[in-house]
Every structure is written in structure tokens, then in C-alpha cells.
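**Q**
There are 2 protein chains.
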Amino acid sequence: MTDDRMSVREIAKLAGVSTATVSRVYRGVGSVSAATRAKVQAAIEQYGYRPSHLGEALANRRHGALAVVFPGLSGPYFAELINGVESVAVPRQVSVHVIGTHLRREAPDELLDVARRVDGMAIHGGTVPKTVIMELAARHPVVMIGPDPHPAPVVVRTDQQAFRLLVSHLLADHGLRKLVFVGNPEGSPDLTERWEAFAAAHAELGLRPGKQLRTGLEQTHGVQAADEVLAGGFDGAVCGNDETALGLMMAVLGRGLRVPGDLVITGVDDVPMSSLVSPGLTTVARPLAELGATATRLLLDLINGADVVPETVLPSRLVRRASCGCRD
Amino acid sequence: MTDDRMSVREIAKLAGVSTATVSRVYRGVGSVSAATRAKVQAAIEQYGYRPSHLGEALANRRHGALAVVFPGLSGPYFAELINGVESVAVPRQVSVHVIGTHLRREAPDELLDVARRVDGMAIHGGTVPKTVIMELAARHPVVMIGPDPHPAPVVVRTDQQAFRLLVSHLLADHGLRKLVFVGNPEGSPDLTERWEAFAAAHAELGLRPGKQLRTGLEQTHGVQAADEVLAGGFDGAVCGNDETALGLMMAVLGRGLRVPGDLVITGVDDVPMSSLVSPGLTTVARPLAELGATATRLLLDLINGADVVPETVLPSRLVRRASCGCRD
DNA sequence: GTTGGGAGTGTAACCGGTTACAATTCCAAC
DNA sequence: GTTGGAATTGTAACCGGTTACACTCCCAAC
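Heads up: the sequence lines are chains A and B, in that order. Counting with numbering that gives the first Met the number 0, you get residues 0 to 327 for the letters of the first sequence. Counting with numbering that gives the first Met the number 0, you get residues 0 to 327 for the letters of the second sequence.
(1) Please report the straight-line C-alpha distance between R49 of chain B and V24 of chain B, rounded to a whole angstrom.
(2) I think V166 of chain A touches V237 of chain A, with their Cβ atoms under 8 Å apart; what is that distance to the nearest whole Å?
(3) Closer than 8 Å by C-beta to R320 of chain B: which residues in its own chain qualify, once you throw out the five before and the five after it? Chain order, please.
(4) Can you grab the Cα-Cα spacing for the pair P259 of chain B / A305 of chain A, in whole Å?
(5) Can you give, in chain order, each stretch of the beta strand (DSSP E) that sits fully within the stretch 58-107 of chain A and has at least 3 residues?
(6) Taking F287 of chain B and G29 of chain B to be in contact with their CB atoms under 8 Å, please state how far apart those CB atoms are, rounded to whole angstroms.
(7) Cutting at 6 Å between CB atoms, please list the residues of its own chain near G291 of chain B, excluding the five before and the five after it.
(8) Between which residues of its own chain and E217 of chain B is the CB-CB distance below 8 Å, once the five residues before and five after are set aside?
(9) Let's test the definition: count the other Cβ atoms within 10 Å of the Cβ of Y46 of chain A and tell me whether it reaches 16, buried, or not, exposed.
(10) Determine the closest residue to F162 of chain B out of B:P140, B:F197, B:P184 and B:S187, with distance taken between C-alpha atoms.
(11) Does the beta-carbon of N303 of chain B have 16 or more other beta-carbons within 10 angstroms, so that it is buried, or is it exposed?
(12) For R316 of chain A, report the span of its beta strand (DSSP E) as first-last.
(13) Hey, how far is the Cα of V181 of chain B from the Cα of V251 of chain B?
(14) Whole angstroms is fine: what's the gap from H52 of chain B's alpha carbon to H139 of chain A's?
(15) Pick from A:C323, A:L57, A:S315 and A:G324: whose alpha carbon is nearest that of R156 of chain A?
(16) Considering only the alpha carbon of each residue, which of A:A33, A:A34 and A:Q40 lies closest to S22 of chain A?
(17) Where does G174 of chain B land, buried or exposed, given buried means 16+ other C-beta within 10 angstroms?
(18) By the criterion of Cβ-Cβ separation under 9 Å, what are the contact partners of A250 of chain B in chain A?
(19) Excluding the five sequence neighbours on either side, which residues of its own chain have a C-beta within less than 7 Å of the C-beta of A56 of chain B, listed in chain order?
(20) Please tell me whether M5 of chain A has its Cβ less than 8 Å away from any Cβ of chain B.
(21) Which of helix, strand or coil does DSSP assign to T1 of chain A?
(22) Would you say I132 of chain A reaches chain B, if we count a Cβ-Cβ gap shorter than 8 Å as a contact?
(23) Any beta-carbon of chain A closer than 8 Å to the one on A159 of chain B?
(24) Rounded C-beta distance between V131 of chain B and L110 of chain B? I'm assuming under 8 Å.
(25) Return the residue from the list B:E134, B:K129 and B:G145 that minimises the CA-CA distance to H123 of chain B.
(26) Assign D2 of chain B to buried or exposed, taking buried as 16 or more other Cβ atoms, counted over all protein chains shown, within 10 Å of its Cβ.
(27) Going by alpha carbons, who is nearest to G119 of chain A out of A:A58, A:S94, A:L256 and A:M5?
(28) Give me the subset of the stretch 161-179 of chain A whose CB atoms are less than 7 Å from a CB atom of chain B, sorted by chain position.
(29) Using a Cβ-Cβ cut-off of 6 Å (strictly less than) and excluding sequence neighbours within five positions of G15 of chain B, which residues of its own chain qualify?
(30) Among B:I10, B:R207, B:A66 and B:A58, which residue has its Cα nearest to the Cα of L299 of chain B?
(31) Determine which residues share a DSSP beta bridge with L212 of chain B and list them.
(32) Can you tell me whether T243 of chain A is helix, strand or coil according to DSSP?
(33) Note down, in chain order, each residue of its chain lying with its Cβ closer than 6 Å to the Cβ of R8 of chain A, except the 5 sequence neighbours on either side.
(34) Can you pull the chain B residues whose beta carbon is under 7 Å from the beta carbon of Q218 of chain A, in chain order?
(35) DSSP three-state label for A171 of chain B, please.
(36) Rank B:R4, B:V228, B:R36 and B:R254 by C-alpha distance to the C-alpha of A114 of chain A and give the top, closest one.
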């Protein structure tokens with residue numbers, strides 16, 4: 000306990016005023032005479048006084064904090080989403096707790112614990128069981144980021160149209176006939192939807208959906224999937240996200256093979272790497288920062304008691320680069 | 000404001016006891032008769048009561064939270080470090096605020112604000128100006144992660160011996176004579192030290208230190224550095240971390256060149272990708288999770304008023320794989 | 001039949017702020 | 001010289017917990 004911090008009452012005594020006046024000066028509300036204000040400000044200045052967040056929050060009945068629950072914490076997808084969240088939260092003086100469920104042994108109980116210290120939560124789809132979401136929603140506002148099969152109060156997501164367009168592009172424009180879906184449809188609702196779009200695009204052309212190769216969503220998983228993809232004799236690998244795609248691409252190039260010559264590879268998200276690598280990665284651009292920002296805005300609105308639209312769908316966009324065979 | 004949460008006094012009234020008894024039952028301290036305990040537990044159960052973190056923290060004079068300040072939030076380095084931090088904090092019921100300085104416009108003032116809601120901070124070297132560190136340290140315990148030129152109370156870091164060994168290995172064993180250092184020595188104290196070790200290893204053999212190519216520490220920066228590295232006619236690229244190295248490797252492979260044939264590439268950190276890619280990345284393994292865990296342990300000790308050792312140095316280890324020319 | 005002590009419980013103060021309301025002061029207007 | 005209202009400031013309650021301390025029982029020991 001190294002806490003020798005000043006409290007309002009001490010500052011008040013030092014400045015020769017009441018705690019109410021100190022509070023008024025610090026917060027800049029109510030009316031205070033210039034002379035008094037100067038006295039108080041001098042004392043605040045001198046002792047570097049900052050009100051305890053606890054007292055403040057208790058009095059306001061508001062934590063001034065929210066939590067964001069993600070599947071994992073690594074990678075550019077997460078970074079960009081968080082970026083969006085903070086771009087909204089920080090200017091409003093709201094602090095953000097980032098929770099990665101994969102790190103926690105006992106996620107459910109721990110989330111209940113986190114709930115005690117925030118005013119609301121933004122939860123990434125596919126991270127938390129239905130019962131827990133409901134329990135959390137009973138305690139404070141909850142916004143879901145991305146699709147989730149659960150009965151969620153408020154959802155922000157992107158559509159899958161561009162992804163479906165991507166698959167059709169590979170089939171119809173590039174004439175590919177043996178596509179593999181790299182990613183686990185059961186791993187997250189987002190992936191489930193993509194798998195469905197993948198299958199639908201095939202069906203539309205009277206084709207049977209390609210095989211699926213169940214892997215995780217990180218770069219390492221893409222690398223590890225390479226052997227199986229190459230052994231399968233596929234002409235294109237449609238990856239669940241860019242990170243997997245980039246890992247796969249790296250592994251394929253490392254074996255001395257060519258992309259798209261020997262294998263077409265595509266991703267989803269359009270993370271910064273995707274436009275830089277050669278060949279450039281064909282992918283679906285999703286407004287990740289905007290996704291995080293929107294979720295946060297809605298969450299703060301909910302916390303303030305406003306009514307908000309239950310579902311917000313942000314647009315995604317097909318980005319054709321060299322890895323699919325375009326501009327080759 | 001959607002808060003209809005129960006308070007101790009309400010639960011107490013419902014159970015027909017005093018608030019003290021409710022607290023005793025919930026916390027499991029003091030003596031309570033079996034009958035009373037049952038009554039109270041029933042009420043707690045029925046209303047899903049959980050004590051407000053604010054009240055609890057205020058009464059305990061402890062936030063039960065700490066902050067970790069990082070340069071950025073993306074990538075496996077950060078993820079692994081955080082992993083270590085949480086492995087210590089979470090079991091002790093301490094929550095972790097992750098702060099990425101690159102996201103904040105006005106970092107200093109914001110950190111002072113964060114300081115109001117935590118019991119201590121672990122600060123990554125090279126992220127925060129000296130004056131701010133001192134101001135923070137005046138408010139609560141501070142532990143630095145990694146080297147930092149500032150007069151820090153407590154530091155946890157890894158040594159640079161393995162890195163120096165790596166450079167010597169390239170020069171002496173592989174006979175490389177035109178190495179480029181990829182990374183900005185002025186960007187972080189960690190990099191400064193590595194640059195010094197790089198130069199020292201050259202000097203030891205009577206060589207002049209190679210050139211330095213100033214870039215950031217993310218994968219994208221490695222990709223972007225490729226043109227300049229390849230144009231420079233270097234025989235080896237010693238990268239400041241694995242992410243840059245992997246980005247560079249990807250770009251080189253993408254151009255149809257070979258590693259290590261056309262260019263030797265090495266990194267630092269030994270992130271998961273490094274052992275998976277082909278060629279495997281020669282690098283310096285650093286105990287990142289342990290780094291985070293140790294820093295957190297020390298921080299919690301400081302918060303509890305214990306004396307702690309001012310500097311802890313964790314070992315790093317050279318990992319030779321194919322990218323340097325070994326096992327080729 | 002006292003006495004002593006431990007178990008069970010409640011009262012009330014306290015943690016560090018905010019703010020409704022009351023009290024005081026000061027002036028302008030009548 | 002009153003009077004009324006605005007400006008300034010203080011008092012005290014309250015936010016939701018924890019806990020020192022006091023009090024009441026109850027029973028064993030003498």
C-alpha cells in the first residue's frame with residue numbers, strides 16, 4: 000500500500016473551503032468566485048490532486064468503463080477492432096477492458112466478475128455461451144460484434160455478400176473447380192456464414208461445394224494447413240480470414256511453389272499485410288475499425304438509456320488483387 | 000442507466016439480517032451460524048447478488064486492477080506478453096487494463112487518468128517519457144518491462160547475449176560480411192541495445208558494423224523493407240524481431256528468391272510462426288510470457304508493500320534453424 | 001449460583017467522492 | 001430603508017460495500 004494520495008477533504012481543508020467547493024472547482028460546474036477558484040486550484044496543483052476514480056464512480060453510479068470480449072488477442076484483426084473501440088471510448092473518458100476468452104480457464108464466472116466493474120460489454124460473436132450472455136445482459140447493456148446465433152439485444156455485423164461474390168468470381172471468372180474452404184465453420188458464427196455463402200455460390204452454378212479444411216484463424220494455422228491443402232490437389236484455397244491466407248501463402252511460397260500459378264489463395268478482412276505482399280492477396284475488405292466503433296457507440300447509447308437499432312449491418316467489399324489470378 | 004442491481008442493504012433486509020452478516024457470508028469470513036448462512040445464501044442466490052466492485056474496492060482501498068502499457072497492441076509479441084501478465088493477475092482476481100500508447104493522441108494525460116483506477120502499472124520500455132513515468136511512480140508502484148534508460152524503480156528484462164551470439168554466428172560460422180540491421184535503434188531501448196550488440200559483434204572480429212535500415216517492428220514493415228534490403232546487395236538481414244523478419248522473408252520469397260540462398264534472414268523472439276515457416280527462422284528465443292508474468296508478480300508484491308529486487312534479468316537463447324544457413 | 005469466554009449478530013463509522021438543499025452575503029430596485 | 005433574487009458557499013446525505021466494536025446469548029467451569 001503506497002497510497003498517500005490526497006482526498007477531497009484534505010484538499011478542502013488545505014484550501015480553507017468545503018469539499019463541495021473543491022468538487023465544483025475540479026469539475027468546473029456550479030458557480031465559484033474567482034478568488035475561491037484560484038485558492039482551490041492552487042491547492043490541487045500543488046499536491047497533484049486527482050479525485051479517486053472509485054469515489055467518483057460510486058457517487059455517479061457509473062464505472063466509466065466497458066469491456067470488450069474477444070476470442071483471442073493476437074493479430075491485426077483484433078488490433079483494428081480494438082482501435083475502433085478506443086477511438087470512440089477514449090475521447091469520452093470511458094476506459095476499456097479487453098478480455099480474451101481463450102486465455103481464461105473459467106471464462107463464464109470470470110465474465111460475471113468483470114461485469115461488476117463495467118457499465119456494459121461488447122461481445123464478439125462465438126465467444127460466450129448463450130446462458131452467460133443472458134446473465135450478463137441482465138446486469139448491464141450488451142452489444143454483440145459479428146453474427147451470433149444467440150438472442151442478442153443489439154448486434155453489429157458485416158454482410159457476407161462480398162464473400163459470396165468472391166467465391167463466384169473464382170468459380171465463374173477464373174474457372175476454378177476444386178476449391179477448399181480453409182477454416183472451421185463450427186468455430187465461429189462468422190465462419191458458419193461464410194461456409195454457407197461458399198456452398199451457396201457453388202450451388203448457384205450447379206456445383207457441389209468443395210471440401211472444408213478445419214483450422215484456426217491465425218497465421219500459424221494457415222502455415223500448418225499447407226501440407227494438407229497441397230496434397231489435396233486443389234486449385235484454390237478460400238481462407239476464412241487473411242491471417243490464415245497469409246500463413247498459407249507463406250508456406251506455399253516457402254516450398255518454391257507459385258501463387259496463383261500453383262494455387263489460388265484468398266482471404267477475408269483486408270488487413271494491412273494483404274495489400275503489401277506479393278502477390279497481393281485477393282480478399283474481402285471489412286470495415287473493422289468501424290465495426291468496433293459502431294458497437295461502442297451503440298453500447299454507450301444503451302448505457303445512457305437511449306433506444307438503439309437492434310441490428311446494424313456494415314458493408315463489405317471485394318478486393319481483387321493478384322493472388323486469385325487477376326492482374327496476373 | 001439500466002442498473003437495477005441489488006445492494007447489500009437490500010439483500011440484508013430480504014434475508015432479515017444486517018449488512019455485516021451478508022458481507023460475512025459472501026466473503027466467507029467471521030462466524031455465522033449455519034441457519035443464518037443458509038438464509039443469506041438463499042437470498043444471494045435468488046437475486047444473483049454480486050457485490051459492486053466499486054463499494055468493495057472503496058472499502059478495501061484497493062482497485063484490484065493494474066494497467067499494462069505497451070507500444071502497440073498487434074502481433075504475437077504483445078499477445079504472449081499479455082498472456083504472461085494474465086496468467087498471474089487473473090488467478091489473483093486482479094483485472095488488467097491493456098493500454099496501447101500508439102492509439103492515444105494524448106498519452107501522458109491519459110495515463111494519469113488510468114492511474115486513478117489501478118493499483119499499479121507495468122510499463123513497456125520506450126513507451127512513456129521520463130517525466131510521466133516519474134509522475135506515475137509517485138502515485139502507485141511501477142514496474143518496467145524491458146530496458147529503459149529512465150530511472151525506473153523496478154525492471155524486468157532479458158539479456159542481449161544470445162543476440163550477440165547470433166550476430167557472431169553469422170559472421171564467424173557462416174562467413175557473412177555484409178549484414179544489414181533491420182530495425183530502428185532509436186525506436187526503443189530494446190533495439191538500441193541490439194544495435195549495440197550488433198556493432199560489438201562486428202568489432203570483435205575487426206569488422207565495421209553493417210548498415211542499419213530503420214523500420215518499425217511489425218510484419219508490414221518487414222515487407223516494406225524488402226526492396227531496400229535486396230537493392231543493397233546484403234548477404235544477411237538481421238532483423239530487430241521475428242515479425243519484421245517474417246514479413247521480409249515473405250516478401251523475398253514472393254519475389255521468387257530463396258532464403259537463405261539469396262539472403263540470410265534472422266529475427267528475435269521466437270514467436271510461434273518462426274518454427275513453422277520454411278525455411279525455419281533462426282532467431283533468439285526470449286521467455287516473453289515469463290517476462291510478463293514476472294513483471295506482474297513484482298508489481299503485485301510492490302502493491303502489497305513488499306520489497307522487491309530492482310532488476311530481474313531473464314535468459315535468452317539462440318535458436319538456429321534453416322534461415323541462417325544452418326541445416327541447409 | 002456466579003463467572004468467564006466464545007459464538008453469533010448488529011450498529012455505525014469509514015472509504016472518497018457528488019450534489020440537493022439550506023444558509024449566507026451582496027446588490028440592485030423600489 | 002426595505003425587499004427580493006442571484007451568486008456563493010457549506011452541511012449533510014448518499015453511493016455500496018467492509019469491519020471495529022459492542023452487545024447478547026449460551027454453556028462450561030468453579
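Yeah, the Cβ is synthetic: ideal placement off N, Cα and C, and Gly gets one too. Computed from a predicted model, the values in this text were never measured in an experiment.
**A** Judging by the given coordinates:
(1) Cα to Cα, the separation comes out at about 12 Å.
(2) That pair is a contact at about 6 Å.
(3) Within the same chain, R320 of chain B has close Cβ partners S273, S274, P278, G279, L280, T281, T282 and R326.
(4) Counting only the Cα atoms, A305 of chain A lies some 60 Å from P259 of chain B.
(5) With a minimum length of 3 residues, the continuous beta strand (DSSP E) runs that stay inside the stretch 58-107 of chain A are 64-69 and 94-99.
(6) The sequence as given places Leu at residue 287 of chain B; Phe does not occur at that position. Going by Cβ atoms, the distance from L287 of chain B to G29 of chain B rounds to 43 Å, so no, they are not a contact pair.
(7) Here the set comprises L80, G83 and V84.
(8) So the qualifying residues of the chain are G71, S73, G74, E242, T243 and G246.
(9) Y46 of chain A is exposed by the Cβ-count criterion.
(10) Looking at B:P140, B:F197, B:P184 and B:S187, the one whose alpha-carbon comes closest to that of F162 of chain B is B:F197.
(11) Classification of N303 of chain B: exposed, given that the 10 Å Cβ count is below 16.
(12) It spans R316 to V318 - the beta strand (DSSP E) in which R316 of chain A sits, taken as one unbroken run.
(13) Taking C-alpha positions only, V181 of chain B is separated from V251 of chain B by approximately 14 Å.
(14) Those two C-alpha atoms are separated by around 14 Å.
(15) Looking at the Cα atoms, A:S315 is the closest of the given residues.
(16) Answer by Cα proximity: A:Q40.
(17) By the neighbour-count definition (other C-beta atoms within 10 Å, threshold 16), G174 of chain B is an exposed residue.
(18) For A250 of chain B, the C-beta contacts it makes with chain A under 9 Å involve L275, V276 and S277, in order along the chain.
(19) Contacts found: H62 and G63.
(20) It does not; no Cβ of chain B falls within 8 Å.
(21) Residue placement at T1 of chain A is poorly supported in this model, since its pLDDT is 39, which falls under 50; the coordinates are not used for a value here.
(22) No - not a single Cβ of chain B is within 8 Å of the one on I132 of chain A.
(23) Sequence inspection shows Gln at residue 159 of chain B; the Ala mentioned does not correspond to that position. Chain A has no Cβ within less than 8 Å of the Cβ of Q159 of chain B.
(24) With a Cβ gap of about 6 Å, V131 of chain B and L110 of chain B count as contacting.
(25) For H123 of chain B, the closest C-alpha among the options B:E134, B:K129 and B:G145 is that of B:G145.
(26) Low local confidence applies: a pLDDT of 47 at D2 of chain B is under 50, so the model's placement there is unreliable, with the coordinate-based value given in what follows. By the neighbour-count rule (16 or more Cβ atoms within 10 Å), D2 of chain B is not buried but exposed.
(27) Here the closest residue by C-alpha is A:S94.
(28) Those residues of the stretch 161-179 of chain A that come within reach of chain B (Cβ to Cβ, closer than 7 Å) do not exist; the list is empty.
(29) Within the same chain, no Cβ atom closer than 6 Å to the Cβ of G15 of chain B is found once the five residues on either side in sequence are excluded.
(30) Comparing Cα-Cα distances from L299 of chain B to each of B:I10, B:R207, B:A66 and B:A58, the minimum goes to B:A66.
(31) Secondary-structure assignment with DSSP links L212 of chain B through a beta bridge to B:V181.
(32) Note: T243 of chain A maps to helix in three-state DSSP.
(33) Cβ contact annotation for R8 of chain A (same chain, cutoff 6 Å, sequence separation greater than five): T18, in chain order.
(34) For Q218 of chain A, the C-beta contacts it makes with chain B under 7 Å involve M272, in order along the chain.
(35) It is helical.
(36) It is B:R4 whose Cα lies nearest to the Cα of A114 of chain A.
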